[in-house]
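Undergrad: Structure below; questions to follow.
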Amino acid sequence: MSDQVIAGALAPRPILKRGGLIVAAVFVVLAVAALAGARYGLMLAVGLGFGLALEGLRFGFAGPWRAMILRREPSGLWAQLLAIGIVTVFALPLIANHGGELNGAQAPIGFAMIAGAFVFGVAMQVILGCGSGTLVNAGSGNPVSLVALPFFAIGSFAGAYHLFWWTGLGALPIMNFEGWSGVLITLGLLFSVAMVAWKFATPQTRVLPRRLVIAAVVIAALALANLLISGQPWGVVYGLGLWVAKGPVAAGVDLSGSAFWAAPATAERVTSSLLTDYTSLTDIGIILGAFFVASWRVGGLSAKLPSLPARAWVGTIVAGFLLGYSSRLAFGCNVGAFFSGISTGSLHGWVWFGAAFVGSVYGIKLRPILGLEARS
Amino acid sequence: MTRRFTAGIAVLAVAGLIGWDLKASPPNPYAAPPILAIGSGLSAAGGFCGALPN
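Those protein sequences? They're chains A and B, same order as listed.
Per this note's numbering, numbering through the first sequence is continuous, rising by one, with the last residue being 376.
Per this note's numbering, numbering through the second sequence is continuous, rising by one, with the last residue being 1054.
Structure, rendered in structure tokens:
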């Protein structure tokens, strides 16, 4: 009997394996609800939904921008704009009518914010993973993202540590689009970007596949659920920095040198359970959701790990750190600033989009130089 | 070596993080807020990457 036949006989049957995955997903949600409270269990369920949708329906951010820049394929970017538009239609009126209970992703435009978004765009193309993408890819076994993720978290902690110094370099007051007029302006801007992408697209790629339409609707629904349950939009990087901050605090390190980490609300969160932090819960859910999808797929985890040169791993570590650091200066990543910023009316989301897209052009050029793909 | 190995590390790391944190900062389900923020009458107070702390 060959090794292959023996391995096949010993492998769990798909139906049992998949049943086990469903039971595991339900179990972790119920466990968090029992340990921390129903709202937190629900937030983990939303995070799992994000992970399942992003990995299962192949909805991303870094990849579609790369496709638009390199091959003039707009479908992934259109799907992002569609999802943002759907959230906008519901989120802006809800925030206007439930001020205080629901907050938008509103942040100031400034020098550090723009530079941070540019650097994030470079770094996310180097490792081909954005804020959500790095979590999804790590959960589905991508070794580059797995190595980048802890440095992403360290960078997020360090960026937050220095945040007030950077914002002191100069920033405008927070500017938002609000209410139904904000909806119309935002939809008009989203449509304009979609049209620019249509103009630059190669003619045969000017289609939006059904899979991406479904993905955009599902992601939008989950983002709205995130807002209604937690009172804040979908975010990623805050939670990662919080995970790292817990280490030094547990070891007795004094963080009072940082105005950010010493702020009473932040200091309280550092000593509170991760299971009561919304972005931590959705981050954890995204990793687990992506893992469940990769495990569910036949052969989803059987791909061999790539052999990369040393400079690729060094580049991955540096890019991972920069993803975290720059996204704190930019008041969010592709999720917190681009997706949630624009969909809740913040002008900084639009500026983030422009700066990060320009950065992506340079990141795409840097990726083969660092040995992360074959040179063309 | 396949992705099964690296995905397993990711899941174990998440489980380890949660386990360590549960021991260091146990949550209190009796102090949990209402299930939905909307309609709760409470101000949103979670940490977010787009917000500066007060």
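Built from N, CA and C at the ideal position, the CB exists for glycine as well.
#1: Between the stretch 286-294 of chain A and the stretch 135-142 of chain A, do three or more beta carbon pairs fall short of 8 Å?
#2: For a cutoff of 8 Å on Cβ pairs, would you count G1016(B) as touching chain A?
#3: Under 8 Å between the Cβ atoms of G252(A) and S340(A)?
#4: Just to confirm my understanding: we take P1034(B), look at its own chain, exclude 5 residues before and 5 after, and list those with CB closer than 6 Å. What are they?
#5: Quick one: Cα of A265(A) to Cα of Q125(A), how far?
#6: Taking W65(A) as the reference, which of P368(A), I369(A), G359(A) has the closest Cα?
#7: Over what stretch of residues does the alpha helix (DSSP H) that includes G159(A) continue unbroken?
#8: Between G1050(B) and chain A, is there a C-beta pair that is closer than 8 Å?
#9: Short of 6 Å in beta carbon distance, which residues of its chain neighbour N334(A), apart from the five on each side in sequence? Order them along the chain.
#10: Tell me the rounded alpha-carbon separation between A115(A) and I364(A).
#11: Checking the sheet assignment: what are the DSSP bridge partners for T1002(B)?
#12: Are the stretch 238-245 of chain A and the stretch 262-282 of chain A touching by the rule of at least three beta carbon pairs closer than 8 Å?
#13: Note down, in chain order, each residue of its chain lying with its Cβ closer than 7 Å to the Cβ of H98(A), except the 5 sequence neighbours on either side.
#14: Specify the secondary structure class of L212(A) as computed by DSSP and reduced to three states.
#15: Of the choices S75(A), V218(A), W296(A), whose alpha-carbon is the least far from that of G20(A)?
#16: Shortest alpha-carbon distance to A34(A) belongs to which of A1037(B), I1038(B), P1026(B)?
#17: Establish whether the CB of R39(A) and some CB of chain B are separated by less than 8 Å.
#18: Shorter than 8 Å from the beta carbon of G289(A) to some beta carbon of chain B?
#19: Tell me whether the beta-carbon of T282(A) lies closer than 8 Å to the beta-carbon of G47(A).
TA: Taking the coordinates as given:
#1: Three or more beta-carbon pairs separated by less than 8 Å link the stretch 286-294 of chain A to the stretch 135-142 of chain A, which places the two stretches in contact.
#2: As a first step, residue 1016(B) must be located in the second sequence, where it is residue number 16. For G1016(B), no CB of chain A lies under 8 Å from its own CB, so it is not counted at the interface with that chain.
#3: For the purposes of this step, residue 252(A) is taken as residue 252 along the first sequence, with counting starting at 1. For the purposes of this step, residue 340(A) is taken as residue 340 along the first sequence, with counting starting at 1. Contact flag unset, no.
#4: Here residue 1034(B) corresponds to residue number 34 of the second sequence, with the count starting at 1. Correct list, in chain order: S1040.
#5: For the purposes of this step, residue 265(A) is taken as residue 265 along the first sequence, with counting starting at 1. For the purposes of this step, residue 125(A) is taken as residue 125 along the first sequence, with counting starting at 1. Roughly 34 Å between the two C-alpha positions.
#6: Translated into positions along the first sequence, residue 65(A) becomes position 65. Closest in C-alpha terms to W65(A), from the list P368(A), I369(A), G359(A), comes G359(A).
#7: Start at 1 with the first residue of the first sequence, and residue 159(A) comes out as number 159. Per DSSP, G159(A) belongs to the alpha helix (DSSP H) from 143-161.
#8: The count along the second sequence starts at 1 and reaches residue 1050(B) at position 50. For G1050(B), the answer is yes, since a Cβ of chain A falls inside 8 Å of its Cβ.
#9: Along the first sequence, read from residue 1 onward, the residue named residue 334(A) stands at position 334. Within the same chain, N334(A) has close Cβ partners F61, C130, G131.
#10: Sequence index remark: in the first sequence, residue 115(A) carries index 115 (1-based). Sequence index remark: in the first sequence, residue 364(A) carries index 364 (1-based). The alpha-carbon atoms of A115(A) and I364(A) are separated by roughly 18 Å.
#11: On the second sequence, position 2 is the one that residue 1002(B) refers to. For T1002(B), which the question treats as bridged, DSSP gives the partners K304(A).
#12: The stretch 238-245 of chain A is in contact with the stretch 262-282 of chain A.
#13: Position 98 of the first sequence, counted from the first residue, corresponds to residue 98(A). The answer is none, since no qualifying residue turns up.
#14: Here residue 212(A) corresponds to residue number 212 of the first sequence, with the count starting at 1. Helix, per DSSP.
#15: For the purposes of this step, residue 20(A) is taken as residue 20 along the first sequence, with counting starting at 1. Answer by Cα proximity: W296(A).
#16: Within the first sequence, the letter at position 34 stands for residue 34(A). For the residues A1037(B), I1038(B), P1026(B), the minimum Cα distance to A34(A) belongs to P1026(B).
#17: By 1-based counting over the first sequence, the position of residue 39(A) is 39. For R39(A), the answer is yes, since a Cβ of chain B falls inside 8 Å of its Cβ.
#18: Residue mapping note: residue 289(A) aligns to position 289 of the first sequence, counting from 1. Using a Cβ-Cβ cut-off of 8 Å, G289(A) does not count as an interface residue toward chain B, since no Cβ of chain B sits closer than that to its own.
#19: Along the first sequence, one-based indexing puts residue 282(A) at 282. Along the first sequence, one-based indexing puts residue 47(A) at 47. Contact flag set, yes.
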